[in-house]
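What follows is one structure encoded as structure tokens, with my remarks underneath.
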Amino acid sequence: MSQSIVTAYQNKYEDDNEDSEDSEIQIVFVKRKNHKLCNLILDNCFISETGCIDKVADICSRVTECDLAHNNISDWNEVFRLLDVGKHIKFLNLSNNKLGRCEQIPENQYPCLQCLALSGNDNHWDNLLSLLPSFPSLSHLNIGHSNITSMPCPADIQFPNLTELNLIENSISCFDDVSELATTFVNLHTLVLSDNPVSSFGDNQQVVERFEKLSKLHVNNITINSWDEVSKLRWFPALSDVRMVHWDLFGDMNEEDRRKMLGALLPKTHLINGAIIPDREAAERWYMRRCQAGNIETSRYKELYEKYGELPTIGDIKLGGTDETITLKLCVPEKGIEMEKSFSIYDTLKTIKTLIKTDCKLTGKIRLEKEGEDIAKYDYTIIHRSDLKDGDKLIAHSRKYLLSLLDS
Numbered sequence: 143m144s145q146s147i148v149t150a151y152q153n154k155y156e157d158d159n160e161d162s163e164d165s166e167i168q169i170v171f172v173k174r175k176n177h178k179l180c181n182l183i184l185d186n187c188f189i190s191e192t193g194c195i196d197k198v199a200d201i202c203s204r205v206t207e208c209d210l211a212h213n214n215i216s217d218w219n220e221v222f223r224l225l226d227v228g229k230h231i232k233f234l235n236l237s238n239n240k241l242g243r244c245e246q247i248p249e250n251q252y253p254c255l256q257c258l259a260l261s262g263n264d265n266h267w268d269n270l271l272s273l274l275p276s277f278p279s280l281s282h283l284n285i286g287h288s289n290i291t292s293m294p295c296p297a298d299i300q301f302p303n304l305t306e307l308n309l310i311e312n313s314i315s316c317f318d319d320v321s322e323l324a325t326t327f328v329n330l331h332t333l334v335l336s337d338n339p340v341s342s343f344g345d346n347q348q349v350v351e352r353f354e355k356l357s358k359l360h361v362n363n364i365t366i367n368s369w370d371e372v373s374k375l376r377w378f379p380a381l382s383d384v385r386m387v388h389w390d391l392f393g394d395m396n397e398e399d400r401r402k403m404l405g406a407l408l409p410k411t412h413l414i415n416g417a418i419i420p421d422r423e424a425a426e427r428w429y430m431r432r433c434q435a436g437n438i439e440t441s442r443y444k445e446l447y448e449k450y451g452e453l454p455t456i457g458d459i460k461l462g463g464t465d466e467t468i469t470l471k472l473c474v475p476e477k478g479i480e481m482e483k484s485f486s487i488y489d490t491l492k493t494i495k496t497l498i499k500t501d502c503k504l505t506g507k508i509r510l511e512k513e514g515e516d517i518a519k520y521d522y523t524i525i526h527r528s529d530l531k532d533g534d535k536l537i538a539h540s541r542k543y544l545l546s547l548l549d550s
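Take the position in the sequence shown, starting the count at 1, then add 142; the result is the number in our numbering.
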């Protein structure tokens with residue numbers, strides 16, 4: 143069963159009153175009537191054509207977002223008929239229809255269209271490139287699930303307005319297959335390559351560096367199997383946000399170690415899988431020790447060796463030393479307790495508070511002082527980024543105790 147946009151719209155949005163004749167109570171079913179919709183949602187409606195163009199023009203007079211996903215549209219001319227009258231449409235979702243090659247490029251341009259979703263159609267990259275000039279304002283393009291293997295681009299064509307490209311679940315096996323995108327989409331800042339069989343980011347750093355504006359890269363569930371390949375992500379000049387989960391390379395590595403590894407290998411990347419790297423220096427030192435333990439000397443290790451020098455092995459670290467641990471004198475007057483405790487310089491001030499509360503059986507908030515000054519206003523400050531030194535004396539007061547002093 144196929145129908146037009148007009149028929150599908152009437153079935154979903156037009157008035158449809160029915161009276162029950164077999165009951166003393168009349169029940170009236172009323173569907174909302176609104177001929178001036180801004181968001182037109184007609185997915186899964188078996189649509190194959192637009193229908194009466196005058197009626198479509200009336201329906202779409204104010205439409206800015208149009209969702210026609212999961213229908214039976216196979217003719218690009220029906221799409222152009224819609225856009226000819228839907229002059230305010232900015233977002234058009236045609237995912238999972240039956241569109242193939244466009245045999246005749248339209249003479250008209252559609253400058254209002256900004257986002258186009260074509261995922262799950264029979265997309266052909268060369269044909270799509272010839273269509274893009276018809277959409278001069280297009281900034282977001284989704285052509286996932288299309289079995290695309292490579293994306294060659296003519297050197298003399300550019301689309302500077304396109305900034306986000308979604309290629310999820312295609313058949314791209316190497317970043318070289320999409321490297322020419324850098325010269326065609328010169329302002330591309332988001333690229334989605336998740337669920338592709340990508341096994342390499344290429345071997346030419348200069349090619350990758352052409353993606354000057356690319357700041358966000360999604361590479362979930364790809365087939366990279368080498369940490370050296372991960373390090374190549376540093377070649378992207380502006381890359382600050384990477385999504386990379388479901389990699390066999392990570393094996394049984396826990397989340398914390400995985401975050402440290404990626405934080406050390408990707409020094410310019412601020413967000414990894416949506417989370418900020420909490421302490422880059424700690425991650426880099428962790429990576430150096432991992433390399434030392436395995437007698438591995440990577441190019442990244444050499445860089446970090448130049449930065450930090452030789453690190454002592456774990457067995458050489460002494461409690462109270464000035465390298466990786468710090469010993470503090472902790473006083474809790476209300477409990478009459480004084481004690482010395484050692485902490486990693488990568489612990490936070492909150493760690494000190496938690497230990498005091500546990501060992502001294504304090505409840506509620508506590509104030510941590512050094513020479514009368516509250517030093518723990520920001521609980522997640524790393525110890526080695528604070529003013530604390532080995533041997534410093536800290537005094538802890540519970541909030542309840544401080545209030546009792548004020549009352550007395």
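For each residue, glycine too, the CB sits at the ideal point set by N, CA and C.
Predicted, not measured: the structure shown is a model, and the values here were computed from it.
| Query | Result |
| --- | --- |
| For GLU191, the first and last residue of its enclosing alpha helix (DSSP H) | Segment 189 to 191 is the beta strand (DSSP E) holding GLU191; no alpha helix (DSSP H) there. |
| 8 Å Cβ cutoff met for GLY533 and THR469 | yes |
| Under the three-state DSSP convention, the category LYS499 falls into | helix |
| Sequence-distant residues of its chain with Cβ nearer than 8 Å to ILE167 (five each side left out) | Because ILE167 sits at a pLDDT of 49, beneath the cut-off of 50, its placement in the model cannot be relied upon, and the following sentence gives the value as read from the coordinates. No residues qualify anywhere along the chain. |
| Reference GLN256; option with closest CA among LYS232, HIS287 and GLU249 | LYS232 |
| From ASN312, LEU356, THR500 and PRO475, residue whose alpha carbon lies closest to that of ASN338 | ASN312 |
| Uninterrupted beta strand (DSSP E) stretches inside the region 257 to 323 (no shorter than 3 residues) | 257 to 259, 282 to 284 and 306 to 308 |
| 7 Å Cβ shell around HIS388 - same chain, five flanking residues per side excluded | ASN362 and ASN363 |
| Test item: CB-CB of THR326 and PHE301 under 8 Å | yes |
| Nonlocal neighbours in the same chain, by C-beta distance under 7 Å from ASP390, ignoring five residues either side | ASN367 |
| Alpha helix (DSSP H) segment containing PHE222, residue limits | 218 to 227 |
| Under the three-state DSSP convention, the category LEU407 falls into | helix |
| Same chain, Cβ closer than 7 Å to GLY506, five either side skipped, listed in chain order | SER540, ARG541 and LYS542 |
| Nearest-angstrom Cα separation, counted from PHE317 out to GLU426 | 27 Å |
| Identified DSSP bridge partners for MET481 | LEU472 |
| Bounding residues of the beta strand (DSSP E) (the contiguous stretch that carries VAL198) | Premise fails: VAL198 lies in the alpha helix (DSSP H), 195 to 201, not in any beta strand (DSSP E). |
| Chain-order list of residues whose beta-carbon lies under 8 Å from that of ASN186 (same chain, five-residue window excluded) | ALA211, HIS212 and ASN213 |
| GLN145, buried or exposed, once every other Cβ within 10 Å from all chains shown has been counted against 16 | buried |
| Inter-residue Cα distance where the pair is ASP399 and ILE201 | 55 Å |
| Sheet register partners of LYS358 (DSSP bridge) | THR332 and ASP383 |
| CA nearest to the CA of ASN289, picked from ASP264, GLN348 and MET143 | ASP264 |
| Endpoints, the alpha helix (DSSP H) within which ARG427 is located | 422 to 435 |
| Cβ neighbour criterion (16 or more within 10 Å) applied to GLY262 | buried |
| Per DSSP, the bridge partner or partners of LYS512 | GLU515 |
| Separation of LEU224 from ILE195, as counted between CA atoms | 8 Å |
| Where the alpha helix (DSSP H) through ALA150 begins and ends | 147 to 155 |
| CA-to-CA distance, LEU545 to LEU453, given in whole angstroms | 46 Å |
| Three-state secondary structure assigned by DSSP to LEU234 | strand |
| Segment limits, beta strand (DSSP E) that includes ASP209 | 207 to 209 |
| SER540 - containing alpha helix (DSSP H), residue span | From DSSP, SER540 is part of no alpha helix (DSSP H) but of the beta strand (DSSP E) over 535 to 540. |
| LEU391 - partner residues in DSSP beta bridges | DSSP lists no partner for LEU391. |
| Helix, strand or coil at ILE525 [DSSP, three-state] | helix |
| Alpha-carbon spacing of GLY393 relative to ALA380, whole angstroms | 28 Å |
| Extent of the continuous alpha helix (DSSP H) run through LEU255 | Unbroken run through LEU255: none, as it is neither H nor E. |
| Cβ-based neighbour list, GLN347, same chain, cut-off 6 Å, excluding 5 preceding and 5 following | TRP377 |
| First and last residue of the uninterrupted alpha helix (DSSP H) at LEU446 | 441 to 450 |
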